[in-house]
Each structure stands twice: as structure tokens, then as C-alpha cells.
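>
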Amino acid sequence: MDGNGRWAAARGLPRVAGHREGAKAVRELIAGAIELGVKSLTIYSFSSENWSRPKDEVSGLMLLFVEVLERELANLEKLRVRVLVAGAIDELPDETADAFRRTIERTALNDVLTLVVALNYGGREEIANAVRSIAREVKAGDLDPSAITEHTVAEHLYVPEVPDPDLVIRTSGEMRVSNFLLWQIAYAEFYVTSVLWPDFDRHELLRAILDFQSRSRRFGGR
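Numbering (the numbering used here), first residue to last: 281 to 502.
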């Protein structure tokens, strides 16, 4: 979800205006994903590194999350979208964390699209958290170290029920991974577009998917 700030700056608007437009783009993306038969979608909404941004911007984002969740919940239920969170939700402001918990609970039985919100998320920390959890099981005698496999690690990630992504889309021309789903994107395809996130609509999503479908995936093989 790159480009909110640049979108706002190009129009002489405050950064929070870009984030608001970015939230509208998420609504459009969800509708487009459902139209195209996508079953799971992960959006990188706030990284664990984003706390270093100006305090007023972070505070505005936290309030915006609450506002958007309250406004969009009925639509999520209508579209049968299940919402999950990947990240350290307990470290968020109480109002924001509670809004996400309510949304997760209310949408738990929805089955058309699973929307994973990467929130206060860092890929390295996710892996470290999984390792700590596995270590506790080994220490308790519940897990034999020789039995640990890739599947064991995957089971201890934030949302193990969601399959690894096939496609990672980077908006605004960014050419880096940015600590995103480091374990899960091992064999994902990348699609980079210069389109800023607030302008990324269902037509851009279709363009990305058509590009993906034209590729021959090797999954590490030749």
C-alpha cells in the first residue's frame, strides 16, 4: 500500500488525506478481488517500523483504522469477507485493537474472501515469534526438536490458516520487500507498478493478475 503520502503531496494535501484515499482503495480492491475469484488477500497497512513516523500521522492512522472498520463492517458482512490480523495487535492503542477484535469476531464465519490486515507487522519478528513459540513447546516436552520441519514453523506464524501468497503487488514503483511476509513469499511472483496506492483500482488489479497468469512458475526448479 505504497504511495499515500506522495499522492497527497502531489495535491498539496496533508498525508492523512492520502491515507483516507488509500482506505477507499482497499474497498475497491476487495470488490475487485471478489469479482476475480481471489480467495485470500493480504494488505500491508502498518509495519512495525511505521511507529517512527511523526506522532500526529501515527495517531491519525490509528483513528482512521477505527473509523474505517466501523464504517465498512456492514459491507464486509454483506460481501462475506472474513478479516484476520497478522501482527502484534496487543501493542496497538486500545480503541484500535478493540475495533479490529470486534471485526474479526463479527466476520469469523464469512467464506467468500479472507482479508488479512498486516498490522504492526514485521516479517522478521513474525519468524522470531514462531521460533519462540516452538522453543517453548520443546522446553515443555511437547515437541521433539528432530520433528521440527518447515510445516512446524508455518503452523506457528500469525495466520497459519491462510495459504502462502502467489502474487505480491508493489505500488508506487517500490522495488523492495520491506520486511513483508518473509517466510510466506518464498515462491511468490512479484508485480511492480508505478501507480500510487490511492489510484490502484480493480482494473489495476486485473492487469496485475493477467500479468501473473502469463508467467511460468517454477517454484525454485528449472
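Beta carbons are placed, not taken as given, at the ideal position from N, Cα and C, and that holds for glycine.
Can you list, in chain order, the residues of its chain with a C-beta nearer than 6 Å to that of V346? Leave out the 5 residues immediately preceding and following it.
Correct list, in chain order: E375, T376 and A379.
> Please report how far the alpha carbon of P478 lies from the alpha carbon of K304, in whole angstroms.
Each residue's alpha carbon lies about 7 Å from the other.
> Nearest to L364 by alpha carbon, out of S320, W463 and P294?
Measuring from the Cα of L364, the nearest candidate turns out to be S320.
> Should Q493 be labelled buried (16 or more other beta-carbon atoms within 10 Å of its own) or exposed?
Exposed, because fewer than 16 other Cβ atoms sit within 10 Å of the Cβ of Q493.
> Three-state secondary structure (DSSP) at N330?
Three-state result, N330: helix.
> By a C-beta neighbour count over all protein chains shown, 10 Å radius and 16 as the cutoff for buried, is E435 buried or exposed?
E435 comes out exposed.
> Might you give, ordered along the chain, the residues of its own chain that have their beta carbon closer than 6 Å to the beta carbon of N390, omitting 5 neighbours on each side?
Here the set comprises R360, V361 and R362.
> Skipping 5 residues on each side, what residues in its chain have a beta carbon closer than 8 Å to that of E350?
Closer than 8 Å at Cβ, skipping near neighbours: A379.
> Closer than 8 Å is the cut-off here; do at least three beta carbon pairs connect the stretch 315-334 with the stretch 406-417?
No, because fewer than three Cβ pairs between the stretch 315-334 and the stretch 406-417 fall closer than 8 Å, the two stretches do not touch.
> Using DSSP's beta-bridge definition, name the partner residues of T532.
The shown model of the chain, from 281 to 502, leaves out residue 532, and the question about it has no answer.
> Which residues does DSSP pair with I449 in a beta bridge?
I449 pairs with Y471.
> Excluding five sequence neighbours on each side, which residues of the same chain lie with their C-beta closer than 8 Å to the C-beta of L344?
Correct list, in chain order: V296, H299, R300 and A303.
> Tell me, please, whether the stretch 448-455 touches the stretch 464-475 by the rule of three or more beta-carbon pairs shorter than 8 Å.
Result yes; three or more Cβ-Cβ pairs closer than 8 Å.
> Just to confirm, is the Cβ distance from F326 to L399 under 8 Å?
Yes. Within cutoff.
> Mapping the DSSP letters down to three states, classify W399 as helix, strand or coil.
The question names Trp, but residue 399 is Leu in the sequence shown. Three-state DSSP puts L399 in a strand.
> Roughly how many angstroms lie between the CA atoms of R381 and E352, to the nearest whole one?
Roughly 14 Å between the two C-alpha positions.
> If the criterion is Cβ atoms closer than 8 Å, does the pair Q464 and P445 meet it?
Yes, the Cβ-Cβ distance between Q464 and P445 is below 8 Å.
> On the criterion of 16 or more Cβ atoms from any shown chain inside 10 Å, does N284 qualify as buried, or is it exposed?
With 16 or more Cβ atoms within 10 Å of its Cβ, N284 is classed as buried.
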